[in-house]
Amino acid sequence: MLSRVAERIYWLARYLERAEDTSRLILVRHNVILDLPRSVQPDWELLLRVLGAREHFADRPGAASEKNIMSFVFSDRDNPSSIMSSLTNARENMRTSREVLPSETWERVNSLYLSVARRANKGLPRASRHSVLNTIVQSTQQISGMLAGTMNHDASYQFLQMGRYLERADMTTRIIDVASEVLDDPDEDVRPYQNVMWVSALQSLSAYQMYRLSVGNNVRPPDALQFLLRSGEFPRALSHCLLQLEAAVKLLPRGKESLKAVQSVHRKVKRTNCAELEGEALEKFLDSIQVRLQGVHEVIEQTWFTPEQ
Amino acid sequence: MAESSPAIKAPSPYRRARPGIDWNGYDPGDFYDEIISSPGNARAAARGLVSYTRKMSIKHLLSRQQAADLAIQEMGISFTVYSDGENIDRAWPMDILPRIIPLKEWRVLEKGLVQRQVALNKFIDDIYNKQRILKDKVLPREIIDSSPEFLEQCIGAKPRYGVWSHICGSDLVRDSDGTMYVLEDNLRVPSGVSYMLENRAVSKRVLPQLFEKHFIEPVDDYPSQLFDMLASLSPRPGDQPEIVVMTPGIFNSAYFEHAYLAQRMGAELVEGSDLVVGDDDKVYMRTIRGLERVDVIYRRINDDFLDPEVFRPNSALGTPGLFRAWRKGNVGIANAPGAGVADDKVIYTYVPDVIKYYLDEDPIIPNVPSYLCVDKKHCDHVLKNLETMVVKPANESGGYGMLIGPASTKKQREEFAARIRKNPRNYMAQPALSLSTAPTLCGNSIQPRHLDLRPFILQGKGHYVTAGGLTRVALRKGSLVVNSSQGGGSKDTWIVDTESN
Numbered sequence: 002m003l004s005r006v007a008e009r010i011y012w013l014a015r016y017l018e019r020a021e022d023t024s025r026l027i028l029v030r031h032n033v034i035l036d037l038p039r040s041v042q043p044d045w046e047l048l049l050r051v052l053g054a055r056e057h058f059a060d061r062p063g064a065a066s067e068k069n070i071m072s073f074v075f076s077d078r079d080n081p082s083s084i085m086s087s088l089t090n091a092r093e094n095m096r097t098s099r100e101v102l103p104s105e106t107w108e109r110v111n112s113l114y115l116s117v118a119r120r121a122n123k124g125l126p127r128a129s130r131h132s133v134l135n136t137i138v139q140s141t142q143q144i145s146g147m148l149a150g151t152m153n154h155d156a157s158y159q160f161l162q163m164g165r166y167l168e169r170a171d172m173t174t175r176i177i178d179v180a181s182e183v184l185d186d187p188d189e190d191v192r193p194y195q196n197v198m199w200v201s202a203l204q205s206l207s208a209y210q211m212y213r214l215s216v217g218n219n220v221r222p223p224d225a226l227q228f229l230l231r232s233g234e235f236p237r238a239l240s241h242c243l244l245q246l247e248a249a250v251k252l253l254p255r256g257k258e259s260l261k262a263v264q265s266v267h268r269k270v271k272r273t274n275c276a277e278l279e280g281e282a283l284e285k286f287l288d289s290i291q292v293r294l295q296g297v298h299e300v301i302e303q304t305w306f307t308p309e310q
Numbered sequence: 002m003a004e005s006s007p008a009i010k011a012p013s014p015y016r017r018a019r020p021g022i023d024w025n026g027y028d029p030g031d032f033y034d035e036i037i038s039s040p041g042n043a044r045a046a047a048r049g050l051v052s053y054t055r056k057m058s059i060k061h062l063l064s065r066q067q068a069a070d071l072a073i074q075e076m077g078i079s080f081t082v083y084s085d086g087e088n089i090d091r092a093w094p095m096d097i098l099p100r101i102i103p104l105k106e107w108r109v110l111e112k113g114l115v116q117r118q119v120a121l122n123k124f125i126d127d128i129y130n131k132q133r134i135l136k137d138k139v140l141p142r143e144i145i146d147s148s149p150e151f152l153e154q155c156i157g158a159k160p161r162y163g164v165w166s167h168i169c170g171s172d173l174v175r176d177s178d179g180t181m182y183v184l185e186d187n188l189r190v191p192s193g194v195s196y197m198l199e200n201r202a203v204s205k206r207v208l209p210q211l212f213e214k215h216f217i218e219p220v221d222d223y224p225s226q227l228f229d230m231l232a233s234l235s236p237r238p239g240d241q242p243e244i245v246v247m248t249p250g251i252f253n254s255a256y257f258e259h260a261y262l263a264q265r266m267g268a269e270l271v272e273g274s275d276l277v278v279g280d281d282d283k284v285y286m287r288t289i290r291g292l293e294r295v296d297v298i299y300r301r302i303n304d305d306f307l308d309p310e311v312f313r314p315n316s317a318l319g320t321p322g323l324f325r326a327w328r329k330g331n332v333g334i335a336n337a338p339g340a341g342v343a344d345d346k347v348i349y350t351y352v353p354d355v356i357k358y359y360l361d362e363d364p365i366i367p368n369v370p371s372y373l374c375v376d377k378k379h380c381d382h383v384l385k386n387l388e389t390m391v392v393k394p395a396n397e398s399g400g401y402g403m404l405i406g407p408a409s410t411k412k413q414r415e416e417f418a419a420r421i422r423k424n425p426r427n428y429m430a431q432p433a434l435s436l437s438t439a440p441t442l443c444g445n446s447i448q449p450r451h452l453d454l455r456p457f458i459l460q461g462k463g464h465y466v467t468a469g470g471l472t473r474v475a476l477r478k479g480s481l482v483v484n485s486s487q488g489g490g491s492k493d494t495w496i497v498d499t500e501s502n
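Protein sequence lines correspond, in order, to chains A and B.
Sequential numbering from 2 applies to the first sequence in my numbering.
Sequential numbering from 2 applies to the second sequence in my numbering.
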């Protein structure tokens, strides 16, 4: 397959995953804030920090209000990581590689894009927030399912898998960041809410039920962290994503360097005692994983996307 | 349009009469209408459609149109328009009422279209090789000498089967007396076939009942026919050929079609930068496995841009060395470089002579009478009768730079006359035909609108003609401009067998 097409498919998968995970991320925050006692000032800016978009947000006019932050992460086309931008890019990548993807999936991606674009100017008010974000999550899940169920599991599918799992690995670390943020600074009033926050994070990752099945315990922060970082079975856990990345890379020609890069991230995760991480150490660990994942991306790019000669 | 037609014929007492479409109110005037022969009466091939819509309210029909519009949006059927330096992706406009042609008539047209393409390919091959037709003075040499589409780099080239234009789109129009004429031949990179296929997909979705009532020739075969034709051009016969569709990129107005055809053929869709010509003069593409050999290129990029080594040196859309690889016979290119020499509105006027010369046959489909402005007598005639003429530049497509006499202002005619006097070789004129009409949904009613037809003809080792083609319709009242870039729409085209009914 053409290098250019491989690159577009890879990015298609990344952007779809990004739209889904950003929706999940906003949902975590939204649910947590609804649960917090009234005395606590809801901190929406956390979303910006976790998405690495704080400076970008500051450059634009308007205060850091809930409403402004919501439209910035949801529908602002000037924000390259907003859901709207992710869907626009996903659609553009798909539109330019339609010839290798099942046409039904193009219809789904296109109609998801159109439905979000249609309501983009309405922002994301609390009343409809849950249903809008949930629809995005469901639609992207549907698209992933269609792709898995209707296309050849050939090289192009492996690029799809790589894009999806690399992005998901990265976004899972960011979602953990959001869930653990309040824990770092436990105020007397907030302490009882610690577990609630992790329950909410697990739920937003569709992980709550699987956590119960797999861990068997009530939700405790160290167990939840261990589960989301180290589970090989849960599809949104960091370790699982890395295993999937490895599997995809192994099925492609010339994948040696990429395999090494993925395995080195995985080693780092395995060597770390995840359950004990908290506060600044956790934040530093998550950051270092994000940097290493970026490194994996660079190797993938050099191996398959950069044209020879 | 009347809302109801009380008791058309005594309705069965068991069935309640519903207000349906009243065809008595539909009047195309002096024009030939493709569906209705006289007020209230359907042509034989269209009887099923008309009787079906008689039972349907206009509201119901409009809801089907909306369903079609939605399907088009969801299927992402679009085209790109350039406007103020911007590219806008627009949903493809399709009217759900089909245009219907009887199979019997179509069989004759098919023969005529193949005849034309065969003769034109012999002509192109002759022009780049022996030039017999010029030596025999059937065609004046100046016309070739002054043609910007004649590429001297192609002299002596011998593409397989002697075929240069493998994919041809000839535009057909019907005059008020019912005669079909060829309006022009597109021998370079004709577009529109994907819309023909998608229009059919949409009408099957929204009007499935009608497909039970008619014997409609299927059109879905085109991508496989195209693939086989392209495969027959491979320099490595026997092996599974690597076929690619070469596009100028996402910003091209026909990009949708390029991607569509590549997808339907299972071919790679490549841009110039994806290809590389090696020192061995063979073409390769850059893949995740490294370089892979390419056998046939279906190029959707103009000659000028194809190869910066030979043509426009600053072209970033092409691939250096492509022309050299083609001349050495290491890659098949469809359509071949230089094929455009026969796609010139001046050459067009000679096509009847070309057919006679190479095939010793009379043309099955007539040309529209044409006047070449380069001929002094013709030019005077044109200038005197601008009001009733359609004047076209010899080398433009997409309906740009035309003067439509009957719809023009005095000022426009004066401007055009000056342009013609300045460069007569560049213009030809035809009397404005009374283009046929077909019922079209306009707002809340059904009205006659003018249309043309672009069938697609393939020639490689064998021949193939699409069943029908793309019907384009001028959506503005009285307008003759059918180009989608200028407010035209389209219709599904049905070739209907009335005899096996």
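Think of the CB as a built atom: it goes at the ideal place given N, C-alpha and C, for glycine as much as any other residue.
Since this is a predicted model, take the numbers as computed values, not measurements.
Anything in chain B within Cβ reach of residue i, meaning under 7 Å, just list it in chain order.
i: P254 (chain A); result: I289, R290
i: W305 (chain A); result: I289
From the DSSP output, read off the bridge partner residues of residue i.
i: S446 (chain B); result: B:C443
i: W495 (chain B); result: B:I101
i: Q245 (chain A); result: Q245 (chain A) pairs with nothing; no bridge assigned.
i: A335 (chain B); result: B:Y299
i: D275 (chain B); result: Answer by DSSP bridge pairing: none, since D275 (chain B) is not bridged.
i: I217 (chain B); result: B:V497
i: G489 (chain B); result: B:A475
i: V466 (chain B); result: B:I458
Relative to the alpha-carbon of residue i, which residue among the options has its alpha-carbon at the smallest distance?
i: I421 (chain B); options: B:P94, B:V392, B:P449, B:P407; result: B:V392
i: G26 (chain B); options: B:I447, B:Y428, B:P103; result: B:I447
i: L436 (chain B); options: B:S177, B:V51, B:I125, B:M76; result: B:S177
i: S145 (chain A); options: A:S116, A:L115, A:Y166, A:R221; result: A:Y166
i: S24 (chain A); options: A:A65, A:P43, A:R39, A:S132; result: A:S132
i: A202 (chain B); options: B:D229, B:A260, B:I73, B:P224; result: B:I73
i: V138 (chain A); options: A:L28, A:L49, A:G53, A:R50; result: A:L28
i: Q162 (chain A); options: A:V33, A:Y16, A:R5; result: A:Y16
i: D221 (chain B); options: B:P160, B:P209, B:L198; result: B:L198
i: A7 (chain A); options: A:I176, A:Q291, A:L102, A:L287; result: A:L102
i: N135 (chain A); options: A:L26, A:V266, A:A276, A:I290; result: A:L26
i: K214 (chain B); options: B:L50, B:V190, B:D137, B:L292; result: B:L50
i: L184 (chain B); options: B:V347, B:L231, B:Q460, B:S148; result: B:V347
Decide if residue i is buried, meaning its Cβ has at least 16 other Cβ atoms within 10 Å, or exposed.
i: G490 (chain B); result: buried
i: Q159 (chain A); result: buried
i: D171 (chain A); result: buried
i: T307 (chain A); result: exposed
i: P309 (chain B); result: buried
i: Q310 (chain A); result: Any reading at Q310 (chain A) is ruled out, since the residue's pLDDT is 46, under 50, leaving its predicted position unreliable.
Looking only at its own chain, which residues have a Cβ that is under 6 Å from the Cβ of residue i, when we skip the five neighbours before and after it?
i: S204 (chain B); result: D493
i: D185 (chain A); result: Confidence at D185 (chain A) is low in this model, with a pLDDT of 47, below 50, so its placement is unreliable and no value can be given for it.
i: I10 (chain A); result: S98, S157, F160, L161
Among the residues of its own chain, which have a CB less than 7 Å from the CB of residue i, if the five just before and after it don't count?
i: D296 (chain B); result: S235, P236, R237, P242, E243, I244, V332, G333
i: L152 (chain B); result: D304, P338, G339
i: K462 (chain B); result: Y162, S233
i: R328 (chain B); result: A158
i: S192 (chain B); result: A255, E258
i: R5 (chain A); result: none
Output needed for residue i: all residues of its chain with C-beta closer than 8 Å, excluding positions within five of it in sequence on either side, in chain order.
i: M85 (chain A); result: F75, S76, D77, R78, V117, A118, A121
i: K112 (chain B); result: I365
What does residue i reach in chain A if we use C-beta pairs closer than 9 Å?
i: L270 (chain B); result: L3, V6, T97, S98, R99, E100, V101
Give the interface partners of residue i over in chain A, defined as CB-CB distance under 7 Å, in chain order.
i: A260 (chain B); result: R99, E100
i: D282 (chain B); result: Simply none; closest approach about 16 Å.
i: I251 (chain B); result: T97
Please list the partners that residue i has in chain B, where partner means a Cβ-to-Cβ separation under 9 Å.
i: L115 (chain A); result: Q74, E75
Would a check of beta-carbon distances place residue i closer than 8 Å to chain D?
i: S83 (chain A); result: The structure shown contains no chain D; its protein chains are A and B.
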